[in-house]
Amino acid sequence: MSASGGPRKAILCSQVHRLSRQSSEVVIQLIALPVLSSLDVDDYGLYPGSDTLPGLHVTFQPGLTLILGANGLGKTTLITILYRMLTGPFDIPALAGGQRLGGARLDAVKLNSWDARLFAHRVTDAAEKATASICFDLGGAPFRLVRKLNTLEVVSLEVGGNAMRPTEEAYQKQICEYADLYTFGDWILALRHLTFYFEDRRALVWDPSAQRELLRLLFLSKAESEHWRTTSREILASDSGVRNLKYMVGREERAVAKAVKHGTRDEVRQELKLIAAQLELDEASADQLDGALAELDAARQTSRAMALMAEQTHEAALRAVEHQQLKSISAAFPSSSDTARYILGQILSDSECLACGSWVPGFADDLRKRIRDHDCVVCGQSIEDSTESRPVVRRLLTRAIAKLEAAEEHLKAAMSERAAREIEYDDHLRQITELNARISQRRARSSDLIRVLPPEEKALHQQQSDLSAMRSRLAVERAALTTLRSDFQVFVDSVNQQIAKKSEDIRLAFDGFANGFLLEDCNLVWQPSRERLGESGELMTFAAFVLNMSSAAFQSPVRRSGPQQVSESQREFIDLAFRMALMEVATSHGGTLIIDAPESSLDAVFVSRAATVLTRFADAMQQNRLVITSNLVAGDLIPQLMSKSHIRSNRSNRLVDLLVIAAPTAATRELRDEYLNVRKSLFARAKELADD
């Protein structure tokens, strides 16, 4: 480490200890997720609406909102509009392609102009006049946001009934404030992993890197999230820098070895070679000494603080003994004037005789001994207790003396420890000073020798000098990275404990949802994962859950380490259950769960169970919204959902009927009667289920 590494390490340690202490004391602050109220889409060719009500207008009530349609009518587009209204023209590139989030940059990045015009590309007029307005509640505050659909630009923004500047910057700032999130990137993470159940979603139960980021933003404070994110980035950058520097050092070593191989030997070259070897050893020693200096200084400062505390404790114990001694003197003169008490008390305190002014420490010690032995303080003779107060005074004095003796032993040990730490630090500092002087002398001697070499050999030795400097730099950066990882693990361990306090609530919520979906015994297990942060270094421990589940082959639950170890429908159920459990535990104002076409992989036998669990989630808190899209398909999932949510016709305010609202496709125009018959049969089946 460099000389500046010591203070930097001390600052890092201080920050880690402060944040660790805060994490153990602060009550977990729940985040807020959007609770949708309404969506209005106007002048967009994909949703012309009806003659009486142009456009698309949805009111999201507590419970289920069902979006019903057919292929090509814009179900997924509608879900994407909801998403883009909340995120604007920003996203996290790392979320695409399924790469692990542990080493990815999770900052919100502005979309390029082509991607920002995704809705314009879907209609013939490029959505030039199209706008969308969304209303939602966030952390108790009502938001109203209007965007242009062709560019996603903000047209107007209101928060809590107050108009804000219609800019992305203002919107993102308000979102982070009311959602209680560190960055807008965390908002996008929460939307992608909790609110929206997209087709390209991650299987959270089997993705520990995604879990740790999600648990971080759900259960850490803004300050803790900031420390996590900034330190993680620093570690990743440092890890990359160390690996690159290590490669450069290796390449330079091979080049120098090749050049030296062709050189000749003489006394100058031999001495230069010896000096280079000595310098390498000295610089390695200097790195070790510099690295240890901060730790020795921290130990020295701690020993100073402990010695000061011991001195204060000893002083307090000494004052307590003196107080009890004075009380003993008072008890010895129950009927006398205060003069004798004052004279003897002064001798005890200052070892000075008030009569003649002499310094009499011996007599003061005799007085203390007489008091301790419970003898007469005047003549030293053994006496019987003559007052009721004397036994009490004696007991209190005995206790005070015992505490003083213990305080003296503690002070002696603390002062000895302080002296040892001071000597150790001073000796270490002396070694660093001597070593730096020796390095300086050797470098000066090396420069003198190089000046007498031929030009081509000067270049070789300059190359060797550069290599030595690179090695030193590599050692410094490695040491700094090790310290950074170590400090970060201390912090992560502390917040892992904080998250663990919620693990039982999450497990119970998951069990309730998963066992409603599935007949198999399925449960979460709190088991922190071991992963590297970067491509090198020790494994670090992060908060995580794993899944156990029974099956036909295993009656007792066994670990399911990957999504391939369960069926497709089980995977859907498990993924939904985990998301719903996190939303239930981590939010205080309810939330919205948006599922695109869930009927595709569900077993027909279990659709009733699925519908029950989904509607139960929507009713778990009055504010919860559940938005589900579906094609007009056979099967009981849609009728079950309709039945449990009291949807009986296409006039229900819980139903978005794209057969009426959306621009028809060739299929819905030509086969409209067939689609209407399927829709009619779904309503009939829903009524039949409700009557049963």
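For the sequence shown, the positions run 156 to 847 when the numbering used here is used.
The beta-carbon is built from N, C-alpha and C at its ideal position, and this holds for glycine as well.
No experiment lies behind these values; they were computed from the predicted model shown.
- The alpha-carbon of ASP335 is positioned some 54 Å away from that of SER595.
- Going by beta carbons, ASP666 and ALA358 fall outside the 8 Å limit.
- Counting only runs of 4 or more residues that sit fully inside the region 624-702, no alpha helix (DSSP H) segment turns up.
- The Cβ atoms of LEU261 and ALA249 lie closer than 8 Å to each other.
- The C-alpha of LEU188 lies about 30 Å from the C-alpha of PRO209.
- Sequence-distant partners of LEU590 (beyond 5 residues in either direction) whose C-beta falls short of 8 Å from its own C-beta, in its chain, are ASP437, SER440, ALA441, LEU444.
- The Cβ-Cβ distance between ARG302 and GLU313 does not fall below 8 Å.
- When secondary structure is reduced to three states using DSSP, HIS801 falls in the coil class, being assigned neither helix nor strand.
- Uninterrupted beta strand (DSSP E) stretches at least 3 residues long and entirely within the region 266-316 occur at 286-293, 296-303, 309-314, given in chain order.
- DSSP places ASP828 inside the alpha helix (DSSP H), whose first and last residues are 827-846.
- Partner residues in a beta bridge of VAL721, as assigned by DSSP, do not exist.
- Residue pairing of PRO209 in beta bridges, as defined by DSSP: GLY204.
- In this structure, DSSP gives SER705 a state outside helix and strand, which the three-state scheme calls coil.
- Per the coordinates, the alpha-carbon of LEU584 lies some 8 Å from the alpha-carbon of LEU448.
- By the Cβ test, the region 652-659 is in contact with the region 368-382, since at least three Cβ pairs between them sit closer than 8 Å.
- Classified as buried, VAL360 has 16 or more neighbouring CB atoms from the shown chains inside 10 Å of its CB.
- With the rule of 3 Cβ pairs closer than 8 Å, the region 683-696 does not count as touching the region 764-771.
- Leaving aside the five residues that flank ARG320 on each side, the residues in its chain whose CB is nearer than 8 Å to its CB run, in chain order, LEU312.
- Linking PHE668 to ARG734 through their CA atoms gives a straight-line distance of about 10 Å.
- If you draw a straight line from the Cα of CYS677 to the Cα of SER716, it is about 13 Å long.
- Taking the CA atoms as reference points, CYS290 sits about 6 Å from LEU191.
- Taking the CA atoms as reference points, MET403 sits about 20 Å from THR637.
- Counting C-beta atoms within 10 angstroms of its own C-beta, ARG239 has 16 or more neighbours from the protein chains shown and is therefore classed as buried.
- In summary, LEU673 is buried, with 16 or more beta-carbon neighbours lying within 10 Å of its beta-carbon over all protein chains present.
- ASN786 has GLY224 as its beta-bridge partners, per DSSP.
- The beta-carbon separation of LEU787 and ARG834, rounded to 6 Å, stays under the 8 Å limit for a contact.
- Segment contact: the region 807-815 against the region 213-226, three or more CB-CB distances shorter than 8 Å; contact assigned.
- Taking C-alpha positions only, ASN226 is separated from LEU814 by approximately 11 Å.
- In this structure, the straight-line span from the alpha carbon of THR742 to that of ARG550 is close to 59 Å.
- Around LEU228, the same chain offers LEU813, ALA817 as residues with beta carbons nearer than 6 Å, after the five sequence neighbours per side are excluded.
- Nearest C-alpha to GLU379 among SER364, ASP828, VAL645: VAL645.
- Within its own chain, the residues whose Cβ lies closer than 8 Å to the Cβ of PHE339, once the five positions on either side in sequence are excluded, are PHE245, ALA263, GLN327, ILE330, CYS331, listed in chain order.
- As computed with DSSP, ILE750 is found in a beta bridge with TYR352, ILE783.
- Residue pairing by DSSP places GLY745 in no beta bridge whatsoever.
- The alpha-carbon of ALA365 is positioned some 39 Å away from that of ASN805.
- Going by DSSP, LEU237 is part of the alpha helix (DSSP H) stretching over 230-242.
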